[in-house]
Ligand SMILES: Cc1ncc(C[n+]2csc(CCOP(=O)(O)OP(=O)(O)O)c2C)c(N)n1
Ligand code: SF4
């Protein structure tokens, strides 16, 4: 097995030219799921089977008789992408042993699901898949709410964010709880590769996809995905907001190899204040300066924790 | 040389032997009483190298059937087994398996549903799957469990059908009692009967296809209608599979089994293991001069209209012993309802007396059935036509 720690993509020109995610899908204009999947499939190539749980990606890409998928693709239900992927992986193994599928062929099995289908309803199936050690790469595109059913809160919705089920009322304003730290929960399963990624840093993301596909066992890539509809921003600002997430350390790009080597792959020596990220989005429009400071304190603490984990300052102080 | 070895097996073990002899490629299952020994036996076969299959030790029944769907969509011959709450947890997936036309085969040790919790036998779990588009066979002996699972693969995998199939048998009453069963000494003749065919549509990078697309109102109906056609096709395919099984192996079951029915005025109808008791009761009553026979419904989906009508053509009264309750139904015995509809549609005017028995494995003895027969006979004498089910032996 080649070492998963060697990134090969240095620039956009290193990525394969082939497109396995066809244009003409029905994702919202400016939705970042499209670029994430496009790069994912470029990295994975044609030797790939994809499972998608119910959600925006699924409904927007497979309206019969059309499909955006140039690789074999299956949707079964909302809560079971990981279990379906387990079955596919087991079937490949079995059929390879019996010579029905060429045993020398390495077929990628990828599950790609939203935050609801991953951190909430699909969590049990995900945990089971991780524990059993199937060679499946699970990609979570995290738009921090149930977007397909119209912007309801999920376990991944950040604190104080507006959603239709955490509305801005006179007494309660937005979501009361913090975001479920799913990537760390996955890491606690001691799987070979866990990473967080951001489509604004697409080379970093592409390399993580590649590493995830190379390991023997489950891998998990948690990708932040700005949603123009649910986050309430002008479609042209998706990448900008995505980058702000990392620049403010609301989102930290890290990876954990073999449950040993932890690194922050996108260091941020000079950090921006979270207000730049929050003020760019309608879902946080109700936040007072005080609220923003509360969130800033959360982030400061998280930065401190991460720096300690790495053993040096990879995320610097707020300068702007 | 005889190809069979006669060994004592429970119905659970018979199911596991059938999966082994069908050379399944992938098994995903989760333990639940009284089905657990199926999973254990399959695991043993794999551990001993008697079965070359991948076993996925899933974390729930929902994932069991989900994994089976993934495996079957990848082309593997796939097997699972469950009971009761497990089947309920699979419910959502049942429709997806059939909607995707995946020939998964599942063994079910029938068990009552909570609440209150009851781990014993009745057929509430099976009847709750009625409209899920699974071919459904109910076995009444361990031999029939073994044979039906093998037949199930032949029907399910037929290109004209491509639907999942379940083989159901009494929890505990059959799942945990030993009977002599002929199992194949060597699986080759079985595999000649159900040859593997990996050429159905599947997730194959050489030929990418999309499974489980979204179908809007302009398309969904057609998909469902294709399932109707597939289920109708299953009728003939199953008949032929049973005939071929008979030719090759000397055993067959038909859709409906009858016992001493030719000159019977009254027939006692049931399904599953209770049919054995019914046959004995028929013998006892016959000795007393009663003109009575027995009927067993073996295939529930597709429902065997023709065979049922055939078997009752000389009968005046039917006593249907149901082992599940359809709460608030037009008639609360689910099988009685099917039978009544079938007969009414063909303008066959047979008096039907529906008794609910064996709920949560309340015992049904020969004496119970004899008393039911006399109870019904009195109603018949008085000319009473029943409009509701009778709850035999229940304390009010
Ligand atoms: C069992 C079940 N419950 C509820 C739903 C309705 N539902 C469909 S998609 C969805 C939300 C999906 O959210 P997420 O996983 O975050 O993906 P997104 O739509 O945001 O891409 C819900 C609640 C369902 N399909 N199945
Ligand atoms: S609602 Fe959001 S996640 Fe869904 S397609 Fe639109 S932008 Fe993308």
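Chains as they are written, first to last, in the numbering used here: chain S, 1 to 320; chain E, 1001 to 1396.
The beta-carbon is built from N, C-alpha and C at its ideal position, and this holds for glycine as well.
Do residue i and residue j have their C-beta atoms within less than 7 Å of each other?
i: residue 1030 of chain E; j: residue 1073 of chain E; result: no
i: residue 274 of chain S; j: residue 295 of chain S; result: yes
i: residue 1354 of chain E; j: residue 1326 of chain E; result: no
i: residue 229 of chain S; j: residue 28 of chain S; result: yes
i: residue 178 of chain S; j: residue 151 of chain S; result: no
i: residue 91 of chain S; j: residue 111 of chain S; result: no
i: residue 248 of chain S; j: residue 266 of chain S; result: no
i: residue 1143 of chain E; j: residue 1245 of chain E; result: no
i: residue 9 of chain S; j: residue 224 of chain S; result: no
i: residue 119 of chain S; j: residue 174 of chain S; result: no
i: residue 1075 of chain E; j: residue 1198 of chain E; result: yes
i: residue 1318 of chain E; j: residue 1352 of chain E; result: yes
i: residue 270 of chain S; j: residue 316 of chain S; result: yes
Residue i touches chain C at which residues, Cβ-Cβ below 7 Å?
i: residue 17 of chain S; result: The structure shown contains no chain C; the protein chains it does contain are S and E.
Confirm the yes/no value for this check: CB of residue i, any heavy atom of ligand 1, distance under 6 Å.
i: residue 117 of chain S; result: yes
i: residue 80 of chain S; result: no
i: residue 207 of chain S; result: no
i: residue 54 of chain S; result: yes
i: residue 1328 of chain E; result: no
i: residue 155 of chain S; result: no
i: residue 133 of chain S; result: no
i: residue 114 of chain S; result: yes
i: residue 1095 of chain E; result: no
i: residue 146 of chain S; result: yes
Consider the C-beta atom of residue i and the heavy atoms of ligand 2; say whether any pair is separated by less than 6 Å.
i: residue 33 of chain S; result: yes
i: residue 228 of chain S; result: yes
i: residue 1068 of chain E; result: no
i: residue 1207 of chain E; result: no
i: residue 143 of chain S; result: yes
i: residue 28 of chain S; result: yes
Given this structure, state the Cα-to-Cα distance separating residue i from residue j, to the nearest angstrom.
i: residue 308 of chain S; j: residue 89 of chain S; result: 38 Å
i: residue 1344 of chain E; j: residue 1056 of chain E; result: 46 Å
i: residue 71 of chain S; j: residue 1060 of chain E; result: 29 Å
i: residue 1 of chain S; j: residue 214 of chain S; result: Note that residue 1 of chain S scores 42 on pLDDT, short of 50, meaning its location in the model is unreliable and no value can be drawn from it.
i: residue 1316 of chain E; j: residue 1357 of chain E; result: 22 Å
i: residue 1249 of chain E; j: residue 98 of chain S; result: 27 Å
i: residue 1111 of chain E; j: residue 1119 of chain E; result: 6 Å
i: residue 125 of chain S; j: residue 304 of chain S; result: 33 Å
i: residue 1168 of chain E; j: residue 1201 of chain E; result: 28 Å
i: residue 341 of chain S; j: residue 32 of chain S; result: Within the shown structure, residues of chain S are numbered from 1 to 320, placing residue 341 of chain S beyond reach of any answer.
i: residue 1127 of chain E; j: residue 1086 of chain E; result: 14 Å
i: residue 236 of chain S; j: residue 1022 of chain E; result: 57 Å
i: residue 1185 of chain E; j: residue 1003 of chain E; result: 6 Å
i: residue 4 of chain S; j: residue 257 of chain S; result: Low confidence applies to residue 4 of chain S: its pLDDT is 48, below 50, so where it sits in the model is not reliable enough to give any reading.
i: residue 1114 of chain E; j: residue 1129 of chain E; result: 16 Å
i: residue 1125 of chain E; j: residue 1090 of chain E; result: 11 Å
i: residue 218 of chain S; j: residue 194 of chain S; result: 9 Å
i: residue 1019 of chain E; j: residue 1196 of chain E; result: 13 Å
i: residue 1295 of chain E; j: residue 1311 of chain E; result: 8 Å
i: residue 146 of chain S; j: residue 1372 of chain E; result: 56 Å
i: residue 11 of chain S; j: residue 200 of chain S; result: 13 Å
i: residue 1375 of chain E; j: residue 1267 of chain E; result: 14 Å
i: residue 1304 of chain E; j: residue 26 of chain S; result: 45 Å
Would you say the beta carbon of residue i is closer than 6 Å to some non-hydrogen atom of ligand 4?
i: residue 149 of chain S; result: You won't find ligand 4 in this model; what it holds is ligand 1 and ligand 2.
_Please give the ranges of any alpha helix (DSSP H) in the segment 180 to 226 of chain S, keeping only runs that are unbroken, at least 4 residues long and fully inside the region._
Counting only runs of 4 or more, we get 182 to 187 and 202 to 214.
*asked:* If contact is defined by three or more beta carbon pairs under 8 Å, each pair taking one atom from either stretch, is the segment 279 to 292 of chain S in contact with the segment 1008 to 1025 of chain E?
replied: no
*Stretch pair the segment 1077 to 1086 of chain E + the segment 50 to 64 of chain S: three plus CB contacts closer than 8 Å*: no
_As an exercise, report each continuous beta strand (DSSP E) stretch of at least 3 residues that is fully enclosed by the segment 1290 to 1351 of chain E, in chain order._
1292 to 1297, 1299 to 1301 and 1317 to 1322
_I'd like the ranges of any alpha helix (DSSP H) spanning at least 4 consecutive residues and lying wholly in the segment 1120 to 1203 of chain E._
Segments of the alpha helix (DSSP H) lying fully in the segment 1120 to 1203 of chain E: 1124 to 1127, 1142 to 1156 and 1188 to 1193.
*Would you check if there are 3 or more beta carbon pairs closer than 8 Å linking the segment 1193 to 1208 of chain E to the segment 1031 to 1041 of chain E?*
Note that the segment 1193 to 1208 of chain E does not touch the segment 1031 to 1041 of chain E; fewer than 3 beta-carbon pairs, one per stretch, sit closer than 8 Å.
*Taking contact to mean at least 3 C-beta pairs separated by less than 8 Å, is the segment 1281 to 1288 of chain E in contact with the segment 1231 to 1244 of chain E?*
no
_Taking 8 Å as the cut-off, does the segment 203 to 218 of chain S touch the segment 31 to 46 of chain S (at least 3 CB pairs, one atom from each stretch)?_
yes
*Would you check if there are 3 or more beta carbon pairs closer than 8 Å linking the segment 125 to 135 of chain S to the segment 149 to 167 of chain S?*
Under the 8 Å Cβ criterion, the segment 125 to 135 of chain S does not count as touching the segment 149 to 167 of chain S, having fewer than three qualifying pairs.
*asked:* With three or more beta-carbon pairs closer than 8 Å as the criterion, would you say the segment 1299 to 1317 of chain E touches the segment 1134 to 1149 of chain E?
replied: These segments touch.
*Note down, one range per segment and in chain order, each alpha helix (DSSP H) of at least 4 residues found wholly within the segment 103 to 145 of chain S.*
123 to 132
*Determine contact between the segment 43 to 58 of chain S and the segment 73 to 81 of chain S, defined as no fewer than three beta-carbon pairs at a distance below 8 Å.*
Counting Cβ pairs under 8 Å, three or more are found: they touch.
*Note down, one range per segment and in chain order, each beta strand (DSSP E) of at least 3 residues found wholly within the segment 1230 to 1274 of chain E.*
1256 to 1259 and 1266 to 1270
_Unbroken stretches of the alpha helix (DSSP H), 4 residues or longer, contained in the segment 46 to 98 of chain S_ = 56 to 61 and 81 to 97
*Entirely within the segment 1056 to 1121 of chain E and at least 4 residues each: give me those alpha helix (DSSP H) ranges in chain order.*
DSSP runs (the alpha helix (DSSP H)) wholly in the segment 1056 to 1121 of chain E: 1061 to 1073, 1084 to 1089 and 1091 to 1099.
*Evaluate contact between the segment 1187 to 1194 of chain E and the segment 1264 to 1280 of chain E, counting only Cβ atoms and requiring at least three cross-stretch pairs below 8 Å.*
no
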